[in-house]
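Protein chains in written order, with UniProt numbering: chain A, 1 to 372; chain B, 1 to 372.
For reference, the structure discussed in these notes is given below.
2 protein chains.
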Amino acid sequence: MPLTARVEAHKVRWGILGCGWIASVFTKDLLVDPATRGVYDVQHIVQAAGSSSSLDKAKEFLADVGAPDSRAYGSYGELVADPNVDIIYVATPHSHHFANALLALNAGKHVVCEKPFTVNAEQTKILVKLARAKKLFLMEAVWTRFFPLSIAVREYVKRGQIGAVKRVIADLSLPQAPETHFADSHRMVNPDLAGGCLLDLGLYPLTWVYQILYHTQPEESRKAPSITGSMNLYRTGVDDNTVVVCTWPDTIGIATTNLYVATDPSAIGTPCVKIQGTGGEIQVAHPAYRPTKVTVIRGIGPEAVTESSEFPMPPGHGTHWEADAAARCLRDGKLEDDMMPLEESIVIMEAMDKVREISGLRYPESIESLEQ
Amino acid sequence: MPLTARVEAHKVRWGILGCGWIASVFTKDLLVDPATRGVYDVQHIVQAAGSSSSLDKAKEFLADVGAPDSRAYGSYGELVADPNVDIIYVATPHSHHFANALLALNAGKHVVCEKPFTVNAEQTKILVKLARAKKLFLMEAVWTRFFPLSIAVREYVKRGQIGAVKRVIADLSLPQAPETHFADSHRMVNPDLAGGCLLDLGLYPLTWVYQILYHTQPEESRKAPSITGSMNLYRTGVDDNTVVVCTWPDTIGIATTNLYVATDPSAIGTPCVKIQGTGGEIQVAHPAYRPTKVTVIRGIGPEAVTESSEFPMPPGHGTHWEADAAARCLRDGKLEDDMMPLEESIVIMEAMDKVREISGLRYPESIESLEQ
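Here it is in C-alpha cells:
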C-alpha cells in the first residue's frame, strides 16, 4: 500500500446540477475508486443530484449512475440549499450555465461548471467576480487539461523538447452532417441552446492552442493573443464550420472545428493536434477531447527520432481528474486551480466572442443576457 | 510511334528573362524532349536568354543549361526586342515581375511570369489589362496546377468522390529559421525583394485552396471568398509565419506557411493538403509545390477505403507542363489558359494583399508602385 494511502483522504461532497448525459458521465467518474488511477489523497461523495423537471428524474438518475441512496431534488434551488453539499457540478446545456452557476454561488456553494463556461465572456466575468467576492472555488470543467497526457505534453514543451514552439494546429471535427443527424431543435444546432460547433467542439482545439501557447508561458507574462477567424453558418443560424486564429507576437495557434468532416476519417489515430517547433513536433492523436496517444518527433528530417507514448485511460471516462483537482483546491483553501485558471477561461471565452462577432453569430438575447 | 507524333508539333520560341535559379530550372525543362512525358503536340525552343547584369552572365547561363547556341543578351530590352522570340518567361525575383512583364508586353511579346505574379493585385490587374489590350498571351507560372496529379485531384473532387468538400487545409512550411539560414539581405527575408513566406511559399497552399474550392466551381458562378488571416513578422519586417483563411458560404480554406517549422518533420510524406468532404478525404503528400503522391479515403470510419496513387515525375523538374500549356495556347490563339486563368491570379493576389493589410506588411513603395 503506498505511503499516501496512510493519510486520510480529503472527502468532498458533490451536488450534481442537471441530470443529462454529461452529468451521468461525471457522476459515474466520481464513483470510481480514486485508487484505480493512483489517487489516494482525495475522495468524492455524490451527496445529491437535482433535476429541474422532476424529483423522479433525479431519483432515476441517481439509481442509474449507481448512487441510489444519494439525495434527490426536483429543483435546482433545493439542491444548492442542501447544507451537506460542498460543491456543485453544473451539467446543464451551456446556454444555462450562467444562470445555474450564479444560483449555486449565490447559495454559497463552490462550483465546477461544464465547458464552455458560459455563452459569452461577460457572463464568465460576472461569475468570477461573484466567486471571488464570496471566496468560493470556481472552475470551468475543461477535463482534457487535467489528463496525465496533457500534463506530460505541457512539460515536453516547457522543457524545449521540440525547440521553440512556433505554431499549434488543433482540430476537432466530427462527421455529423446536421441535415441528417439533428433536428433543428437539437442542442447541437439550436440557437436557443447556444448550438453550433464553436462552443461545443471548438473549445477543445482552443484548449490545446491555449494550454500550449499561453499556459506554458510564465504566469506574469501571459498575454492574450489577437484573434481572427471565420465561420460557415447552418440554416438554423449557428456555425457548422469554424476557424479561430490566435496570434501572439512569435507564434500562431489555429483551432478548427466542423460538423461535416472527420478529423480522423479512416479511424487510424490521425493527429488532431500538431505542436510545431524549431526542433521537432508533438502530435496528439484524435480525439482532442480525450486523447490517449502522443507522438514526439525530435529533430527535423530523415534522422528525426519519432517516439509514441500511450496514456491508457484508467477506469472511468476521464472527468475524474478535474474532480480530483477541485477536491484538492477545496482541501487547500484555494479558490481556483492552476491548470484551468479563471483568467484563462475568460481569455478563451473572449476569443470565441470575437469570432462570433466577426461572423455575425449572436445567440438570442435571453441567453446572451448578463442579467443576474 | 503514337498517332499524335505524325502531326507536326507546334514549336514555340522562348526568351528567358533573368538568369537565376528558377530560370535555370525552367530552361532545362524546356530542353527535355516532350515525348518523355507523353507530349507530342508542342515543342519548345530556347531562342534566347537575357541577363540584366552582363552579356557574359547570359552566355554562361545558356552554356550551363545546355543551350550554348541560343542567343545571349546583356539587357532585358534587347531580349524582348528579338523578333525571333515568341514568348518571354519572366524569371526575376518577384519584386521585379511587374516591371519585367510590362517591358515584355510593351515589346509585343507573350508572357509567362513566375509566381507570385506581382507584389500586389493592382500590379497584376495592370498587366492583365495591357495583355488583353495588345491581344497577347499572359499567364502566372503556377506550375503545380498543371501537374497530372493536380488535374487528377480536381477531377476526383468534381466527380464527388469524397462527397461535398467542406474544408481544405494546406501547408507549406520549410524549417529555415531565418536567423541562421539567411542574411537580412537574402531574398527570402529582404523587404526590398518582397521577401517573407507568404509570397514565396504561401502561394502554394493558396493554390491548393483555390484550385479545389474555387477552380472546381463552374466558371460563371465562381465567387471570391472573404479573407482574413494573420502573420508573425521577422526582424526585417517581412512575415515568417502566416495564415490565410478563405471563407466561402459553405466552405473554408486555410493556407499556412512558416519559416521555422516543417510540414513533414520526419520526412515520411506527411499530408500537406487535406481536402475534407462529407464522404471522405483526399490527402496530398508534402511538398505542396511538387507533390507526387495522393491518398484518397472513401467513406468515413473504420470501413473507409484508403487508396494511394503515385504520380512519379517524368524527366525534368516539372515546370514543363506549364510550358506545354502556354505553347498550346499560342498555337490555338488563346490569350490565357483555363488552368490558371488571369482572373483567378488576381483573386489570389487580392487575398495576399488582404492578409498583408491586416498584418501591416507593406513592401517599400518602389516595389509596390503601380507606375508603368
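Ideal placement from N, C-alpha and C gives every residue a C-beta, glycine not left out.
Bear in mind that the values here come from a model prediction, so they are computed numbers and not experimental data.
Run of the alpha helix (DSSP H) containing residue i, from where it starts to where it stops
i	result
M349/A	342 to 359
C329/A	320 to 332
N106/B	97 to 106
P271/A	Looking at the DSSP string, P271/A is not in any alpha helix (DSSP H); the run it does join, the beta strand (DSSP E), is 271 to 277.
R154/B	148 to 158
Q211/B	203 to 213
T180/A	178 to 181
V25/A	21 to 30
T124/B	121 to 133
S369/B	Counting along the chain, S369/B falls outside any alpha helix (DSSP H), and DSSP gives it neither H nor E.
L335/A	No alpha helix (DSSP H) holds L335/A; DSSP gives it neither H nor E.
L79/B	76 to 81
Straight-line gap, residue i to residue j (C-alpha atoms, nearest Å)
i	j	result
residue 374/A	V157/A	The displayed coordinates of chain A run from 1 to 372. Any statement about residue 374/A would go beyond what the structure contains.
T228/A	G316/A	37 Å
S104/B	I88/B	At residue 104/B the sequence reads Ala, which differs from the Ser that was named. Rounded to the nearest angstrom, the two C-alpha atoms are 7 Å apart.
K223/B	H215/B	10 Å
I45/B	I252/A	46 Å
N190/B	G195/A	46 Å
Q176/A	F182/A	8 Å
C246/B	P225/B	5 Å
G160/B	S369/A	44 Å
E219/B	R145/A	47 Å
Q372/A	T256/B	43 Å
I126/A	T180/B	48 Å
R71/A	R13/A	11 Å
S185/B	D29/B	29 Å
P116/B	I162/A	32 Å
T319/B	W143/B	5 Å
F311/A	S95/B	51 Å
P93/A	D200/A	10 Å
V153/A	E307/A	13 Å
C197/B	N241/B	7 Å
Residue i CB to nearest heavy atom of the ligand ZN below 7 Å
i	result
D200/B	The ligand ZN is absent from the structure shown, which contains no ligand whatsoever.
Same chain only: Cβ atoms within 7 Å of residue i, ignoring 5 sequence neighbours per side
i	result
M1/B	Legend: pLDDT at M1/B = 48, less than 50; position of this residue unreliable, no value from coordinates given.
I358/A	T228, G229, S230
D353/A	N120, A121
residue 374/A	It is not possible to answer for residue 374/A, since the shown part of chain A is limited to 1 through 372.
Closer than 8 Å at the beta carbon, the chain B residues around residue i
i	result
K223/A	The contacting residues do not exist; K223/A stays about 14 Å from chain B at best.
P249/A	N232
Within chain B, the residues that residue i reaches when beta carbons sit closer than 7 Å
i	result
R167/A	N241, N258, V261
A177/A	T278
G301/A	A267
I297/A	P265, S266
E350/A	Per Cβ cutoff of 7 Å: no residues; E350/A is ~16 Å from chain B at best.
Residues of its chain near residue i, where Cβ-Cβ distance is below 8 Å and the 5 sequence neighbours each way are ignored
i	result
P271/A	Q283, V284, A285, H286, T295
Y73/B	A48, A49, G50, S51, L55, A58, L79, D82
L330/B	H10, V12, D86, I87, H110, F137
A262/B	S173, L174, P175
Contacts of residue i in chain A (Cβ-Cβ under 8 Å)
i	result
A304/B	P265, S266, A267
V245/B	T228, G229, S230, V243, V245
I254/B	V243, I254, T256
E8/B	Going along chain A, no residue has its Cβ under 8 Å from E8/B, so there is no contact; the nearest lies around 47 Å.
Opposing strand residues paired with residue i [DSSP bridges]
i	result
C246/A	I227/A, G253/A
Q43/A	K11/A
M139/B	V112/B
I300/B	For I300/B, which the question treats as bridged, DSSP gives no partner whatsoever.
A170/B	A255/B, V273/B
N190/B	For N190/B, which the question treats as bridged, DSSP gives no partner whatsoever.
V65/A	Its beta-bridge partners do not exist; DSSP assigns none.
I16/A	A49/A, Y89/A
V294/A	V284/A, S309/A
Cut-off 6 Å between Cβ atoms - residues of its own chain near residue i, not counting five sequence neighbours on either side
i	result
S309/B	V294
R362/A	none
A304/A	I297
V355/A	G229, V244
A131/B	L105, L138
Host beta strand (DSSP E) of residue i (start-end)
i	result
residue 398/A	Outside the displayed span of chain A (1 to 372) sits residue 398/A, for which this structure offers no information.
A285/A	280 to 285
Y89/B	87 to 90
Y73/A	71 to 73
Proximal chain A residues relative to residue i, where beta-carbon distance stays under 9 Å
i	result
T216/B	Here the premise fails: no neighbours, minimum Cβ distance about 17 Å.
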